[in-house]
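Take a look at the structure below.
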Amino acid sequence: MKTSIIWFGNNLRVKDNGVVQGAMQADRVLAVYFFDPRQFQINPFGFKKTERFRAKFLLETVQQLKKNLEELNITLLVYHEKPEDKLPELIESYNIDQVHLQNEWTSEESDVISEVQRRAASTTMFHKYNDQFLFHPDDIPFDSMAQIPQVFTVFRKKCEKYVSMRPCFSNPISKPIDNRVPSNTKIPTLEDLGYSNFETDHRSAFPFKGGEDSALQRIQHYFWDTKKLAYYKKTRNGLLGTDYSSKLSAWLANGSISTRTIYWEVKRFEAEITKNQDTYWLIFELMWRDYFKYVSQKHGNQIFKIDGILEKDYDWDSDKTALNEWVNGKTQDNFVNANMIELKQTGWMSNRGRQNVASYWSKHLQQDWRIGASYFESILIDYDVHSNWGNWMYNSGVGNDPRNRTFNTKSQAERYDPDYKFRNRWLQPTLF
Ligand SMILES: Cc1cc2nc3c(=O)[nH]c(=O)nc-3n(C[C@H](O)[C@H](O)[C@H](O)COP(=O)(O)OP(=O)(O)OC[C@H]3O[C@@H](n4cnc5c(N)ncnc54)[C@H](O)[C@@H]3O)c2cc1C
1 MKTSIIWFGN NLRVKDNGVV QGAMQADRVL AVYFFDPRQF QINPFGFKKT
51 ERFRAKFLLE TVQQLKKNLE ELNITLLVYH EKPEDKLPEL IESYNIDQVH
101 LQNEWTSEES DVISEVQRRA ASTTMFHKYN DQFLFHPDDI PFDSMAQIPQ
151 VFTVFRKKCE KYVSMRPCFS NPISKPIDNR VPSNTKIPTL EDLGYSNFET
201 DHRSAFPFKG GEDSALQRIQ HYFWDTKKLA YYKKTRNGLL GTDYSSKLSA
251 WLANGSISTR TIYWEVKRFE AEITKNQDTY WLIFELMWRD YFKYVSQKHG
301 NQIFKIDGIL EKDYDWDSDK TALNEWVNGK TQDNFVNANM IELKQTGWMS
351 NRGRQNVASY WSKHLQQDWR IGASYFESIL IDYDVHSNWG NWMYNSGVGN
401 DPRNRTFNTK SQAERYDPDY KFRNRWLQPT LF
């Protein structure tokens, strides 16, 4: 009898999950998730690595995952411990033959995986899956990571021409009831992770819950109930409300929905409702997401270095007062301030806002871009290592922007917030 364990990371879903599919081939299947204490500590730039918004979203996600696994008769064990301190012990006590997990290559994540492998019994097989992409690494038209183009458009055009999208996995079939193992583990509370409970700000553009079911509900709403997808390209630069863009990023970031699922839902929408520039554009943006994953594979830890992947030797400042003003929305620029207050109060900021505040921080104030990226890593509800550091490099002149643009935050505000609605919402809270 073979026993496998699904070691969940940023792939917190049951549906269309190659890791789950692989593990389910064994006779007995367990699952485990670790709230790694290192993720809740202070990072080298002085920010809590995970702020309360993402922590809450993650807890909700794991609760839904546990429930969805129970329906398959799979027990989810949950620990607030370092994986390398616990998983080797579980492997031994449950006689686990195989560990199935999502592949990771950024250093913090891959170091943890290596350490677990080092400490586990040498007979344990580790199966790693590259299941977080739109275009699977085995399908892209580049022979090695070194060939990943420095410019997104080149990457996109080649992928669009040569890659055929893989179908989604069919839904997993439940295991027999005797597959279950007794569990006395419990999902920690927000307080256990070091936060006080809090209510979502009523002005938030992201008032959603974490978890696979919630992600699918969001697709139902945005695609099918309101048909907002048919206008996505026209509205995606918006700043106010829940529906100017898909808002799928937080679920994508922790893997409670797959990009394939979204892709094939777009295709179904195109077949059944309408196919236009707007529907294409959602897939276009998912290609950006993939691109930054390939950029981080190509360049490794260089994406976290001050000179970035362009190895540019700029003169950066790191002024504490400037940081305090930027984080708290007290700069000279009211558009930047409104966006930064929204971020601080909700963990969310629009793409338009992110580009402006990042450019303001690194290009206008000429402050060390990594401090800004690190603050985003802490506070964003949808933090994703590849998208965050990739976009920050891009906006700071050390990444993949061939034009090295600087945002004029004044004209951006006039264009995207001409009637001050967005700025009033965050700068004059008493009105709302
Ligand atoms: C400085 C900066 C930091 C960012 N940090 C993150 C981050 O940590 N996590 C994150 O998911 N996105 C990040 N982004 C990208 C983008 O802002 C968000 O993905 C987007 O705003 C999320 O909203 P949405 O889901 O409604 O996006 P939509 O506009 O509906 O797009 C659909 C999906 O496409 C992907 N996508 C869209 N734009 C980008 C982009 N520029 N780069 C990569 N993927 C993209 C996302 O997965 C998104 O959910 C960052 C952008 C900037 C400028």
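Residue numbers (UniProt numbering): 1 to 432. The beta-carbon is built from N, C-alpha and C at its ideal position, and this holds for glycine as well.
Residue nearest to Glu212 within the set Gln63, Ser4, Met24 and Arg415 is Gln63 (criterion: CA-CA distance).
Taking 7 Å as the cut-off, the Cβ atoms of His136 and Val19 do not count as close. Short of 6 Å from the beta carbon of Ala215, and not among the five residues preceding or following it, lie these beta carbons of its own chain, in chain order: Trp251, Ser256 and Ile257. In this structure Gly390 touches Phe292 by the C-beta definition: roughly 3 Å separates them, less than 8 Å.
The nearest non-hydrogen atom of ligand 1 is 6 Å or more from the C-beta of Lys228. Taking Trp316 as reference, the option from Ile273, Gln367, Lys275 and Lys344 with the minimal CA-CA separation is Gln367. With a threshold of 6 Å, the Cβ atom of Ser359 does not count as near ligand 1, since no heavy atom of the ligand is closer than that. Residue state for Ser296 is assigned as helix, using DSSP reduced to three classes.
Residue pairing by DSSP places Trp7 opposite Val32 and Leu101 in a beta bridge.
For Val78, the three-state secondary structure derived from DSSP is strand. Taking Thr75 as the centre and dropping the five residues before and after it, the same chain places the C-beta of Leu30, Ala31, Leu69, Arg180, Val181, Pro182 and Ser183 closer than 8 Å to its C-beta, in chain order.
In this structure the segment 410-421 does not touch the segment 76-86; the number of beta carbon pairs closer than 8 Å is below three. Assignment of Gln412 by DSSP, reduced to helix, strand and coil, places it in the helix class. Looking at the DSSP output, Lys128 shares a beta bridge with Leu101.
Between the alpha carbons of Val327 and Phe57 lies a distance of about 22 Å. Relative to ligand 1, Asn400 has its C-beta separated by 6 Å or more from all heavy atoms.
In this structure Val385 is not in contact with Val357, their Cβ atoms being roughly 19 Å apart against a cut-off of 8 Å.
Of Trp392, Asp192, Gly46 and Phe34, the smallest CA-CA separation from Ile306 is found for Trp392. Within the same chain, Asn400 and Asp401 come within 8 Å of Tyr394 by CB-CB distance, once the 5 residues on both sides are set aside.
Shortest Cα-Cα distance from Lys128 to any of Asn17, Glu199, Trp224 and Val398 involves Asn17.
Nearest to Asn339 by C-alpha distance, out of Thr321, Gln428 and Gln41, is Gln428. Of the residues Met287, Val295, Leu365 and Gly308, the one whose Cα lies closest to the Cα of Asp319 is Leu365. For Trp369, the enclosing alpha helix (DSSP H) has its first and last residue at Trp369 to Ile379.
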